[in-house]
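Each residue of the sequence shown is one higher than the one before, counting from 188 in our numbering.
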Amino acid sequence: MAYYRRLGSVPHKRHTQHRTPDGGLYYEELMGEEGFFSDSSLLYHRHIPSAIVDAAAWDLPDQATTPNHPLKPRHLKLHTLFAGQDGADAVTGRRLVLGNADVRISYVVATAASPLYRNALGDECVYVESGNAVVETVFGVLTVGQGDYVLLPRATTHRWVPTGEEPLRAYCIEANGHISPAKRYLSKYGQFLEHAPYCERDLRGPDEPFVAEGEDVDVLVKHRGAHGAPVGTRYTYPHHPFDVVGWDGCLYPYAFNVADFEPITGRVHQPPPVHQVFEGDNFVICNFVPRKVDYHPLSIPVPYYHSNVDSDEVMFYCGGNYEARKGSGIGQGSISLHPGGHAHGPQPGAYERSIGVHFFDELAVMVDTFRPLELGEGGLAAEDPAYAWTWSGRGPAA
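Structure below.
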């Protein structure tokens, strides 16, 4: 996203000498996308950013997936995954729920600070369901809480530090490419347009550089292995990688709170693209927020039944009461997976009950993918096997 920021100490001209107070040189690093042809930032380090003293294999959390076969709609109860557990962190504690070649969706309940971490596979969009945290990054610090999306560009070294008494509950969307605001919201130069449901004022980036001290510091790196499959490496740096005294550019981490999303409504039911907030390669991210609903005198406010002929639809229910799913067992912390090839829509009775309703108090994050999703170990462990039959009121045929 071409939205320029400048923090800390940078030289007047790029790629020129930038001297330390004692006359030495800061080390300039270009962090850029798409081979120098997209957004980038220049970071100025106290130490050489390439210097490592050790590299060892890091075993990632279970990344295996199982096809959704036989094809079924699924209900996954994420709050059951960490019941009675304590001490997880927001990186190594993630449990894979759903995934394909373009995107992986994980969930974690974290009470401990994470290791330093870098995802070299793609951008991450982490939605904070509840709790609070400080996200320390090589660009600076973000303070985040309930309802925040945290966008972390590929290869951003960072760590998560939960704060307060409540655990950090985080819904993690990891791309194999980049995640950005929907292109239709942006001018050809990257400014948010007037019809966009949020704008630059709603985005929170780091306010100042964050410098830490330390020697022989480990960083966990998730990166591409054989045939693009995720693998992990543990780097050891002679100096702490948080040594940036200044940076400028258009590539950096930022937070956006879902309460700052202005919903688009109409006389009759609006299709899901009006709820879009971000897009990635072969997937989109939408959010359904509290809003006034359809005002045609004969409107039916809940969604019409629809077939996702090109995509799988994933809804994460994270607040309020989702009218269309009443009676299904879905509640706070649930995921519904409605795959391509299955017609889905409101639960029995919801269609009729919605007539005359003027406001929906609901909060949900949706991911639509354009390749089939498979179930990770967390998804298999959290499944409610009765969900597929809730529209008919009957179990599987004998």
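C-beta: ideal position from N, C-alpha, C; glycine also.
It should be emphasised that the depicted structure is a prediction, and the values quoted were computed from it without experimental measurement.
In this structure, G563 lies away from R346, with their beta-carbon atoms at least 9 Å apart.
For N469, same chain residues with a beta-carbon under 7 Å away, outside a window of 5 residues either side, are D289, T556, F557 and R558 in chain order.
Within its own chain, the residues whose Cβ lies closer than 7 Å to the Cβ of Y574, once the five positions on either side in sequence are excluded, are P260, R261, H262, S515 and G516, listed in chain order. Taking a C-beta distance under 9 Å as the contact criterion, S228 and M218 qualify as a contact pair. Taking every protein chain shown into account, the CB of L485 has fewer than 16 other CB atoms within 10 angstroms, so this residue is exposed.
Rounded to the nearest whole angstrom, the CA to CA distance from Y214 to Y231 is 5 Å. Within the DSSP secondary-structure output, G467 pairs in a beta bridge with F470. Distance between P488 and A369, taken at the CA atoms: about 25 Å. For G419, the beta-bridge partners assigned by DSSP are W245 and K409. For the options P208, F379, P526 and E220, the alpha carbon positioned closest to that of G309 is the one of E220. Excluding its 5 nearest sequence neighbours in each direction, W245 has C-beta neighbours in its own chain below 7 Å: L407, G419, T420 and R421, listed in chain order. Judged by DSSP in its simplified three-state form, K375 adopts coil rather than helix or strand. In its chain, beyond the 5 residues on either side, D481 have a beta carbon closer than 6 Å to the beta carbon of H456. Between the region 338-357 and the region 295-312 there are three or more C-beta pairs closer than 8 Å, enough to call the two in contact.
Under the DSSP assignment, G195 falls in the beta strand (DSSP E) whose first and last residues are R192 to G195. If you keep only unbroken beta strand (DSSP E) runs of at least 3 residues inside the region 477-542, you get 499-507 and 521-525. In this structure, the beta-carbon distance from L329 to R391 falls below 9 Å. If you draw a straight line from the Cα of V501 to the Cα of K200, it comes to about 46 Å. Sixteen is the threshold: since fewer than 16 other Cβ atoms of the shown chains lie within 10 Å of the Cβ of L258, the residue is exposed.
D430 is classed as buried because its beta carbon has at least 16 other beta carbons within 10 Å across all chains shown. Assignment of A300 by DSSP, reduced to helix, strand and coil, places it in the coil class. The residue among K513, G528 and G527 with its C-alpha nearest the C-alpha of S521 is K513. Per DSSP, the continuous alpha helix (DSSP H) segment holding A568 begins and ends at E564 to A568. Each of P459, G507 and G506 was checked against the Cα of Y491, and the nearest Cα belongs to P459.
Under the 10 Å beta carbon count, P254 is surrounded by fewer than 16 other beta carbons and is classified as exposed. Approximately 22 Å separates the beta-carbon atoms of G327 and V445; this is outside 8 Å, ruling out the contact. The three-state reading of DSSP puts K200 in coil, since its state is none of H, G, I, E or B. The three-state reading of DSSP puts R454 in coil, since its state is none of H, G, I, E or B. Residue pairing by DSSP places L285 opposite I292 and L562 in a beta bridge. The three-state secondary structure of L390, taken from DSSP, is strand. Contact between M553 and H462 is confirmed by a C-beta separation of about 7 Å, below the 8 Å threshold. The beta-bridge partner set that DSSP reports for V313 consists of V337 and C359. Cβ contact annotation for P425 (same chain, cutoff 7 Å, sequence separation greater than five): A238, V240, E402 and D403, in chain order. Non-local C-beta neighbours of N508 in its own chain, meaning closer than 7 Å and more than five positions away in sequence, comprise D548 and E549, ordered along the chain. Contact between P440 and T298 does not hold, since the beta-carbon distance rounds to 22 Å and is not under 8 Å. Nearest neighbour of Y294 by Cα position, chosen from T423, Y314 and A300, turns out to be Y314.
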